[in-house]
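Heads up: the structure comes next, in structure tokens.
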Amino acid sequence: MSTDNQFDSALDLLRRLPPSEISKNLQRLCTIAPRLTEDLLSSVDQPLEARRCKKTGRDYLLCDYNRDGDSWRSPWSNEFEPPIEDDDGGTKPSERVRKMELRMGEGIDVYRELYYEGGISSVYFWDLDDGFAGVVLLKKTTPKNQGESGVWDSIHVFEAVEQGRSAHYKLTSTVILHLRTGGDKLGSLDLGGNMTRQVEQDMPVDDDGSHIVNIGRLVEDMELKMRNMLQEVYFGKAKDVVGDLRSVAALSTTNKVKASQREMISEWNKRDA
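Residue numbering for the sequence shown follows the numbering used here, beginning at 4 and increasing consecutively.
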């Protein structure tokens, strides 16, 4: 089987396996097919992991965009941990892009505290030939309480192509959600999955500060849309399914209510006739 066919088969297999086990299954596939490791790690979104910056003592998130080999760059110190033993010390953004990275990180940190009331956020930028790109990461984990847990991961990857007094932005956002609850009365429920959405937009630019405002607005709007979609579509559908499978009220009470509804509908039909 060719490498391309192996890669497509691996992605297809990951889509069919439980979302809550995506990290373990990805590691197993990389062990089975080492040649696909780089392509799989850069193509498959998995729950974010956190690490503490040794220099600043602040937590940051790990992803493929701040990884260089087996080292990860801290957005707070701009250094790789563990250190990379080569001439350049790992791939880092230019001075101008690094300044925007820091400003965006400060803004997202405030956004995280206001909207998430906790959690961890990280921002990473890198240079492009005609602009720059970056990723905004957000993670919130609820404290485990008697078998209940929840994890929300947001991954917003963007490209900004500068065109004089304007810029073309392309944003690809992924939300990974995993909820688990259990108890003697209600039983156990394990709900997990991910959603990806994309948007492109041209926006005016006066200076580097305009990029920060524009990207922040795009990320905020996309998060709001995806939260509403998850609440209305996914949770609403899950509630309907659970409601059809299991009734909180006694079966006799439910049957009486349905019988009353049928009787009322029958009386209305007779009047209309």
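By construction, the Cβ of each residue, glycine as well, lies at the ideal position given by its N, Cα and C atoms.
Remember, predicted model here, so these are calculated numbers, not experimental data.
Neighbourhood of residue i by C-beta distance below 6 angstroms, restricted to the same chain and skipping five residues each side
| i | result |
| --- | --- |
| Leu-192 | Thr-184 |
| Gly-93 | Asp-71, Phe-83 and Ile-87 |
| Val-202 | Leu-174 |
| Asn-69 | Trp-75, Arg-76 and Tyr-127 |
| Glu-165 | Gly-134 |
Inter-residue Cα distance where the pair is residue i and residue j
| i | j | result |
| --- | --- | --- |
| Gly-108 | Met-206 | 21 angstroms |
| Leu-182 | Gln-9 | 31 angstroms |
| Thr-6 | Arg-38 | 8 angstroms |
| Lys-58 | Ser-80 | 7 angstroms |
| Pro-3 | Gly-167 | The question about residue 3 has no answer here: the residues shown for the chain are numbered 4 through 276. |
| Leu-17 | Lys-27 | 10 angstroms |
| Ser-152 | Asp-132 | 43 angstroms |
| Met-232 | Leu-194 | 16 angstroms |
| Leu-44 | Asp-67 | 7 angstroms |
Beta bridge counterpart(s) of residue i as assigned by DSSP
| i | result |
| --- | --- |
| Trp-75 | Arg-70 and Glu-84 |
| Ala-136 | Trp-129 and Glu-162 |
| Glu-203 | Lys-173 |
| Val-236 | Its beta-bridge partners do not exist; DSSP assigns none. |
| Asp-247 | DSSP output for Asp-247 lists no bridge partner at all. |
Nearest neighbour of residue i, chosen from the options [CA to CA]
| i | options | result |
| --- | --- | --- |
| Trp-129 | Val-160, Asn-148 and Ser-263 | Val-160 |
| Gly-222 | Lys-240, Met-267 and Tyr-118 | Correcting the residue type first, residue 222 is Val in the shown sequence and not Gly. Measuring from the Cα of Val-222, the nearest candidate turns out to be Tyr-118. |
| Glu-84 | Cys-56, Lys-273 and Ser-125 | Cys-56 |
| Glu-116 | Tyr-127, Leu-141 and Ile-87 | Leu-141 |
| Glu-52 | Glu-41, Ile-215 and Asp-156 | Asp-156 |
| Ile-123 | Val-164, Asp-224 and Leu-65 | Leu-65 |
| Ser-213 | Arg-61, Asp-224 and Tyr-172 | Tyr-172 |
| Arg-19 | Asp-243, Gly-196 and Glu-235 | Gly-196 |
| Asp-62 | Val-236, Asp-112 and Val-260 | Asp-112 |
Unbroken alpha helix (DSSP H) run spanning residue i, endpoints
| i | result |
| --- | --- |
| Leu-14 | 6-19 |
| Leu-65 | First-last for Leu-65: 62-65, but that is the beta strand (DSSP E), not the alpha helix (DSSP H). |
| Arg-106 | 98-118 |
| Leu-219 | Inspection of the sequence shows that residue 219 is occupied by Gly rather than by Leu. Looking at the DSSP string, the run of the alpha helix (DSSP H) that includes Gly-219 is 211-232. |
| Arg-31 | 25-35 |
Contacting residues, own chain, Cβ-Cβ under 7 angstroms from residue i (five flanking each side not counted)
| i | result |
| --- | --- |
| Val-154 | Pro-50, Thr-144 and His-181 |
| Met-229 | Ser-176, Val-178, Met-198 and Arg-200 |
Cut-off 8 angstroms between Cβ atoms - residues of its own chain near residue i, not counting five sequence neighbours on either side
| i | result |
| --- | --- |
| Asp-209 | Arg-168 |
| Val-47 | Leu-14, Leu-17, Ile-25 and Leu-29 |
| Lys-32 | Reading off the sequence shown, one finds Leu at residue 32, where the question assumed Lys. Ala-13, Leu-16, Leu-17, Leu-39 and Leu-43. |
| Glu-104 | Pro-78, Pro-96, Val-126, Tyr-127, Phe-128 and Gly-137 |
Beta strand (DSSP E) segment containing residue i, residue limits
| i | result |
| --- | --- |
| Arg-55 | 52-55 |
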